[in-house]
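See structure below.
Numbering (our numbering), first residue to last: 84 to 687.
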């Protein structure tokens, strides 16, 4: 039974970053910029001309403590970098905010360039000294940080070259991506709704409406969505080629032999482990194809339209308005552990969740955390669908993960994408399980289909995305430039591979790569599939023994102090090739159960 939750704070309270926001923002930003530069200068003046920290573990401990303190209290962009990023997420086309962000980005890059000597020189110590540092008791809390640093050293360039790469990233990558995102977010179209009224919908709302229960509405939305993508397809062609070329240059300079290798290094995961995941899922694409076959039969069509893949099946008669969704998630968290519920309640009370879509707002959902001593913010675009409840649970899974890591030192205050996604999907599935508890057989089938839809999208679609990215990067490497028609052909090939014959590749669907931001964040998507398969194991253990939630909390609380593989081994999870198939077996079992129930009810 939930307590009375504060559901009125539906917009971000950015005063938690600057409590004196009533003052002119330019004055606040200028004051902090001066402080940022002063604090960075202090660190540089103390350590830049020293070499003893590269030789003596005790002195290195002092240097790392100073570095950790600077990262925790200042970093290269302070509070304002976070403030401006959040503000722009709410108002993507605000030119004044863009100018301010551009200014702090310039300063941030300059500061990072000043300070990068520290990690750069440390990473290049000889192998004997590396082993000495790694075995030092004094340096125990920084051990894995040093391991990651030493592993990445072979791909580092000179200090001067690293500064150049830092400086060019904003123009060669970020600005291109922001341009396209800004264009898309400004688009609006009229959609005739169920009451017959013609209503203007923004880009985020149009995306959601492509899966509307009403066929006329979802078909209108799909036509509008395809029209918007077609309008910007040539812009997107230039944008994606620019960022692909920039990555190719960086990979060549850093001697990465695979386009996804830098992602694996950044995420602290074994390439072999990711390859096993991708291969295991791709080898069982037939599960996804059978799901779409079942869904087409349930809808009474020979094929689902491309945009209909995610349409909810069945009459759930559930409108998850904000109050209902928040209460449901709270109750689910409470049933798992008091700590989870308390953290969610704190987010509601403090205004840390921006709930509803609006013009100019980022169309997605995310959890944002940058430092252990700053608030964590969650963005939603809640429209009352079942999917929105899952999204809330997913992003709060991330938020709880970050909250429980606050005990880590700043250099370990983060987690790999792999670990992060297993935390978030763990929460998602328990919410759906709570909904299904008192459902009728008709509702149960509908919810099972929704859960399967989520599993298929999270596991099989994301691996198809990963294979598309791989194909895209390798083809670009060979050709030097890809037309949007070529990109569309590659994209369609991989979508057919996992969807099979029961989803039509409609005109316009070849452009749906355009709006997927993850393709600009390079090879991010494997973490969704891997994370969900790991979380399925954690869920099964909690169901068998509720006390296993303590191991789950341990898992949530571990930042970068250990690799994801080691973190899992510490709670009894051995990740090998056979492990992935255990989770895939569960998806197939649920599909078989849904198929049996559909036949029992005479639906197919």
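Glycine included, each C-beta is placed from N, C-alpha and C at the ideal position.
Cα-Cα separation, residue i to residue j
i           : j           : result
residue 528 : residue 469 : 14 Å
residue 625 : residue 145 : 42 Å
residue 494 : residue 643 : 8 Å
residue 568 : residue 109 : 45 Å
residue 575 : residue 316 : 15 Å
residue 137 : residue 193 : 24 Å
residue 159 : residue 340 : 31 Å
residue 645 : residue 590 : 47 Å
residue 435 : residue 686 : 43 Å
residue 177 : residue 266 : 12 Å
residue 489 : residue 381 : 47 Å
residue 520 : residue 681 : 18 Å
residue 84  : residue 417 : Summary for residue 84: the model assigns pLDDT 47, below 50, so the residue's position carries little reliability; its value from the coordinates is reported in the next sentence. Rounded to the nearest angstrom, the two C-alpha atoms are 9 Å apart.
residue 175 : residue 358 : 36 Å
residue 650 : residue 220 : 20 Å
residue 428 : residue 89  : 8 Å
residue 480 : residue 133 : 43 Å
residue 737 : residue 353 : What the structure shows of the chain is the stretch from 84 to 687, and residue 737 is not part of that stretch, so it cannot be assessed.
residue 204 : residue 618 : 39 Å
residue 556 : residue 258 : 20 Å
residue 670 : residue 153 : 46 Å
residue 594 : residue 308 : 10 Å
residue 401 : residue 533 : 13 Å
residue 301 : residue 184 : 37 Å
residue 286 : residue 293 : 11 Å
residue 280 : residue 408 : 27 Å
residue 405 : residue 472 : 9 Å
residue 403 : residue 550 : 35 Å
residue 426 : residue 419 : 13 Å
residue 634 : residue 234 : 29 Å
residue 386 : residue 346 : 36 Å
residue 226 : residue 236 : 15 Å
residue 511 : residue 370 : 21 Å
residue 289 : residue 305 : 8 Å
residue 336 : residue 124 : 29 Å
residue 112 : residue 102 : 13 Å
residue 147 : residue 331 : 33 Å
residue 334 : residue 250 : 16 Å
residue 91  : residue 441 : 17 Å
Inter-residue CB distance, residue i and residue j (contact presumed, cutoff 8 Å)
i           : j           : result
residue 282 : residue 273 : 7 Å
residue 351 : residue 499 : 5 Å
residue 450 : residue 461 : 5 Å
residue 424 : residue 459 : No, residue 424 and residue 459 are not in contact; Cβ-Cβ is about 16 Å, not under 8 Å.
residue 585 : residue 367 : At roughly 17 Å, the Cβ-Cβ gap does not stay under 8 Å, so residue 585 and residue 367 are not in contact.
residue 592 : residue 375 : At roughly 14 Å, the Cβ-Cβ gap does not stay under 8 Å, so residue 592 and residue 375 are not in contact.
residue 695 : residue 658 : Within the shown structure, residues of the chain are numbered from 84 to 687, placing residue 695 beyond reach of any answer.
residue 200 : residue 242 : 6 Å
residue 172 : residue 445 : 4 Å
Beta-carbon proximity of residue i to residue j, cut-off 8 Å
i           : j           : result
residue 463 : residue 475 : yes
residue 169 : residue 97  : yes
residue 570 : residue 323 : yes
residue 343 : residue 606 : yes
residue 210 : residue 660 : no
residue 150 : residue 100 : no
residue 232 : residue 254 : no
residue 486 : residue 448 : no
residue 531 : residue 391 : no
residue 608 : residue 548 : yes
residue 239 : residue 206 : yes
residue 684 : residue 525 : yes
residue 573 : residue 562 : no
residue 122 : residue 163 : no
residue 320 : residue 610 : no
residue 535 : residue 674 : yes
- request: Output the residue ranges of the alpha helix (DSSP H) runs that lie fully inside the region 460 to 518 and measure 4 residues or longer, sorted by chain position.
  value: Restricting attention to alpha helix (DSSP H) runs no shorter than 4 residues, the region 460 to 518 encloses them at 469 to 487, ordered along the chain.
message: Check whether the region 542 to 551 and the region 409 to 416 touch, using three or more Cβ-Cβ pairs below 8 Å as the test.
response: no
message: My parser needs the alpha helix (DSSP H) runs of 4 or more residues fully inside the region 538 to 574; what are they?
response: 545 to 562
Segment contact flag, the region 389 to 401 with the region 452 to 472, C-beta cutoff 8 Å, min 3 pairs: Yes: at least three Cβ pairs fall under 8 Å.
- prompt: For the 8 Å Cβ check, are there 3 or more pairs between the region 609 to 616 and the region 498 to 507?
  reply: yes
- request: May I have a chain-ordered list of the alpha helix (DSSP H) segments no shorter than 4 residues that lie completely inside the region 138 to 177?
  value: 140 to 156, 161 to 173
task: Please determine if the region 629 to 638 and the region 649 to 656 are in contact, where contact requires at least 3 C-beta pairs separated by less than 8 Å.
output: yes
query: Which residue spans inside the region 386 to 423 form an unbroken alpha helix (DSSP H) run of at least 4?
result: 405 to 419
message: Extract the residue ranges of the alpha helix (DSSP H) inside the region 326 to 367, only unbroken runs of 4 or more that lie entirely within it.
response: 344 to 350, 354 to 365
- prompt: At a cut of 8 Å, does the region 183 to 202 reach the region 237 to 249 through at least three beta carbon pairs?
  reply: yes
message: Restricting to runs no shorter than 3 residues, where is the beta strand (DSSP E) found entirely within the region 267 to 316?
response: 271 to 275, 281 to 285
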